[in-house]
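Read through the structure below, which is laid out as structure tokens, and then see the notes.
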Amino acid sequence: MPRRGWVGGPDERGTLDIVWSCVSTLFICLWSMLHLNIPSPKDTFWTIFWRKARWLLLGVLAPEVPMLFAAGQWASAKRSVKAMRDMGFDEEEWSLEHAYYADSGGFELRTVDREAIPITAKQVHYLIEHDIITLPRVTKKEIWDKSNADKVAKFLACFQTAWLTTQTIARAIQHLAITPLELSSIALALTSLTTLWYWLRKPLDVETPTLVYVEKSMKEIIGTCDGGGADLYTNTPLDFIEPDAYIARKWNPLLFKWILSRKLQTKPIERIPNDRDPQLSNVYQHLSLAVATASFASIHLAGWNFSFETDWEAWLWRGNCLVMWGLLATYGTTEVVACCNERFQKLGMDTMGGYKMRWPACLWFIIPASLYAMARLALLFEVLYSMRSLPSDAFVEVKWSSFIPHI
20 MPRRGWVGGP DERGTLDIVW SCVSTLFICL WSMLHLNIPS PKDTFWTIFW RKARWLLLGV
80 LAPEVPMLFA AGQWASAKRS VKAMRDMGFD EEEWSLEHAY YADSGGFELR TVDREAIPIT
140 AKQVHYLIEH DIITLPRVTK KEIWDKSNAD KVAKFLACFQ TAWLTTQTIA RAIQHLAITP
200 LELSSIALAL TSLTTLWYWL RKPLDVETPT LVYVEKSMKE IIGTCDGGGA DLYTNTPLDF
260 IEPDAYIARK WNPLLFKWIL SRKLQTKPIE RIPNDRDPQL SNVYQHLSLA VATASFASIH
320 LAGWNFSFET DWEAWLWRGN CLVMWGLLAT YGTTEVVACC NERFQKLGMD TMGGYKMRWP
380 ACLWFIIPAS LYAMARLALL FEVLYSMRSL PSDAFVEVKW SSFIPHI
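For the sequence shown, this note's numbering gives the first residue as 20, with consecutive numbering after it.
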């Protein structure tokens, strides 16, 4: 029987290898990225499960949306820390972790006449400033003890993304075909890691909030704080402390009326919604977010000269990428201008279901969002459809030895 010595591995990869590499990277990135707010005590296991599933799906279909909310929460936490420093509180007393904890529903205010309601970081600051409450005595360590953050999962997400990106760059250097699935996976993974960066100091999967007791009625608090007209609200009676941000003001009326059916009410919410949208603080934060969102479409544009089985598939890819990039770049730039210019926000006003609506602004949001959704879905379809027929060199493995200097 003939015998052989050391034999190298195969220099090809299969379709399953490509799919597994991309899917495993995406799953670990999306799973470690997601930092949802504290659930309501009444939420069941399945309520929490399906809520996470919806946000994971959103992370695949429109990864910029979780990143938008994460960036807003990060900006809100930074503002809160600065405000608390101005009041004389140090890092141990109030840190980014405290601010994130508050904005995710970590503190609940209980009055003599009402059940506990969640209060945000800005509301905590406001109530302290008006001598309604004292600073909640919760240490950073206690907050992290409540958190179930998995550092190993976050490390694996970074490692997997770095490996997939390095492998793809190496394939480009060696003129080997890159699949649309790989390119799209890199774009999704990098966007998810950006979202994770914004949420890095946000406690994860906290189950029990901290109660803040006050020997006053809600009516007395509102009267002390001059919060007249707070009988009707969207979330809690303390909404007057922190009005909705610009984007929320023009989007939430449609979202609540037609999707969530949430109206002005007299009964407060039991948890802070994950889609609560704190406003970014300054033009630099708006610009950085605009660049981050446009980068997602820009990565797809790198596949302009990809080899598809038919010409219409190639042009469909290019067209969808251009639509996505153009809409994100234009909309992001306009948002920067709109959020920094109050006169731009005050376009035509109308009222629907108790909400004041900026109809021109709403249309300016809905039409591009609809076009983007169609382009994104078409691109996802093409990513999956292209796997039926790939260039032959898409299955050739990278020759890593060519990157190592040798004689």
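Ideal Cβ positions, reconstructed from N, Cα and C, are used throughout, including at glycine.
Exposure label - residue i; buried when at least 16 CB within 10 Å
| i | result |
| --- | --- |
| T243 | exposed |
| P137 | buried |
| V131 | exposed |
| R290 | buried |
| R395 | buried |
| K173 | buried |
| N167 | exposed |
| G338 | exposed |
| R295 | buried |
| D122 | buried |
| A208 | buried |
| E127 | buried |
| H194 | exposed |
| L76 | exposed |
| E110 | exposed |
| S408 | exposed |
| S95 | buried |
| W331 | exposed |
| S236 | exposed |
| E261 | buried |
| S411 | exposed |
| T185 | exposed |
Option nearest residue i by Cα separation, candidates the options
| i | options | result |
| --- | --- | --- |
| V171 | T353, K141, S51, D30 | S51 |
| T11 | F400, S408, G322 | This structure gives no information on residue 11, because the portion of the chain shown stretches from 20 to 426. |
| N56 | N293, L45, D150, E111 | N293 |
| P60 | G124, R98, L335 | G124 |
| S204 | W113, A94, L80 | L80 |
| E234 | S114, F174, I152, H194 | I152 |
| L200 | I47, P287, V84, I318 | I318 |
| L403 | R32, D30, C41 | C41 |
| L212 | P82, L202, A140 | P82 |
| C48 | V157, G33, E110, A206 | A206 |
| E148 | A135, F108, K165, T255 | F108 |
| E161 | W113, W336, R133, A208 | W113 |
| F64 | E226, F126, D169 | E226 |
| K159 | S408, L146, E116, F315 | E116 |
| S43 | A316, C177, L257 | C177 |
| A90 | K141, L215, W74, W39 | L215 |
| V157 | W39, W93, D169, A118 | A118 |
| W163 | R133, P228, E239, A140 | P228 |
| I232 | D258, A196, R133 | Contrary to the premise, residue 232 reads as Tyr rather than Ile in this sequence. Measuring from the Cα of Y232, the nearest candidate turns out to be R133. |
| H54 | I37, G78, W39 | G78 |
| Y120 | L146, A135, K165 | K165 |
Limits of the unbroken alpha helix (DSSP H) element including residue i
| i | result |
| --- | --- |
| V171 | 170-192 |
| T210 | 199-217 |
| E161 | 159-165 |
N-terminal and C-terminal residue of the beta strand (DSSP E) that residue i is part of
| i | result |
| --- | --- |
| T44 | Here T44 belongs to no beta strand (DSSP E); instead the alpha helix (DSSP H) covers 34-52. |
| T243 | Here T243 belongs to no beta strand (DSSP E); instead the alpha helix (DSSP H) covers 237-243. |
| T229 | 229-232 |
Which ranges would you report for the beta strand (DSSP E) in the region 70-154 if only whole runs of at least 3 residues count? 126-129, 136-138
Does the region 190-206 come within contact of the region 62-70, defined as at least 3 CB pairs closer than 8 Å? no
Please determine if the region 383-396 and the region 343-351 are in contact, where contact requires at least 3 C-beta pairs separated by less than 8 Å. yes
Would the region 392-399 and the region 176-183 be scored as touching if the rule is three or more Cβ pairs under 8 Å? no
Counting pairs of beta carbons, one from the region 100-112 and one from the region 217-233, are three or more of them closer than 8 Å? no
With contact counted as at least three CB pairs below 8 Å, one residue from each stretch, are the region 412-420 and the region 30-38 in contact? yes
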